[in-house]
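Q: The structure that follows is given in the form of C-alpha cells.
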Amino acid sequence: MMNMSLAVTLLAASALLGLVLGWQYLRDTPRKLWMVGFHLILGVAAMKFVVLFMLGETAEGSLLRTLGNGAVLATALALFSGLVKPVLVREAKGRLAMSMVALHAGVGGLGLLLLLAWAAVR
Numbered sequence: 507m508m509n510m511s512l513a514v515t516l517l518a519a520s521a522l523l524g525l526v527l528g529w530q531y532l533r534d535t536p537r538k539l540w541m542v543g544f545h546l547i548l549g550v551a552a553m554k555f556v557v558l559f560m561l562g563e564t565a566e567g568s569l570l571r572t573l574g575n576g577a578v579l580a581t582a583l584a585l586f587s588g589l590v591k592p593v594l595v596r597e598a599k600g601r602l603a604m605s606m607v608a609l610h611a612g613v614g615g616l617g618l619l620l621l622l623a624w625a626a627v628r
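If you read the sequence shown in the numbering used here, its first letter stands for residue 507, the second for the next number, and so on.
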C-alpha cells in the first residue's frame, strides 16, 4: 500500500503545483520555469508508478483494472495537452489558449480522482 500512496502523493503534488501555476497564468504573473518543470516531472513519475502498480497488482478485465486504465489514460492526456499547448498556441491568452489550459486542468483532475478511486477500492 505504501507504493500506491507514493503514486497518489506524487499526482496530488503535481495537481497542487498545477493549481498554483494556473492561478499565476490567470493573474498574468510570470511563472517560474523550475515550477513548470517540477510539475511535469511529478506528473510523469506518478503516471509511471500507476502503470507499474496497475499491471502488477490487478487482474485483467476487472473493475479495478478499468479504474487504473482510466487514471493512466487521463494522466497521459493531461501530460500530452500540457506539452502541446505551447506548441499549438503562440499567444499567451485567447480563446484557444484558455481552452487548452482548461482541458489540461480538467483531464488532470479527472486522472487524480480516478487514481484516488482506484486506491480506495484496491
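All residues carry an ideal CB built from backbone N, CA and C; glycine is no exception.
Remember, it's a predicted structure, so these values are computed and weren't measured experimentally.
Report yes if the CB atom of ALA584 is closer than 8 Å to the CB atom of GLY614, and no otherwise.
A: yes
Q: On the three-state DSSP scale, how would you describe LYS538?
A: coil
Q: Report buried or exposed for VAL607, applying the criterion of at least 16 other Cβ atoms within 10 angstroms of its Cβ.
A: buried
Q: Out of LEU609, GLY524 and THR572, which one is the CA nearest neighbour of LYS538?
A: Checked all of LEU609, GLY524 and THR572; the closest Cα to LYS538 is GLY524.
Q: Grouping DSSP H, G and I as helix and E and B as strand, with all else coil, what is LYS599?
A: coil
Q: Return the chain-ordered list of same chain residues with a C-beta closer than 7 Å to the C-beta of ALA625, the five sequence neighbours on each side being excluded.
A: MET510 and VAL514
Q: Check each candidate in LEU558, VAL526 and PHE559 and name the one with the smallest Cα separation from MET544.
A: Checking the sequence shown, residue 544 turns out to be Phe, not Met. The residue with the shortest Cα to Cα distance from PHE544 is VAL526.
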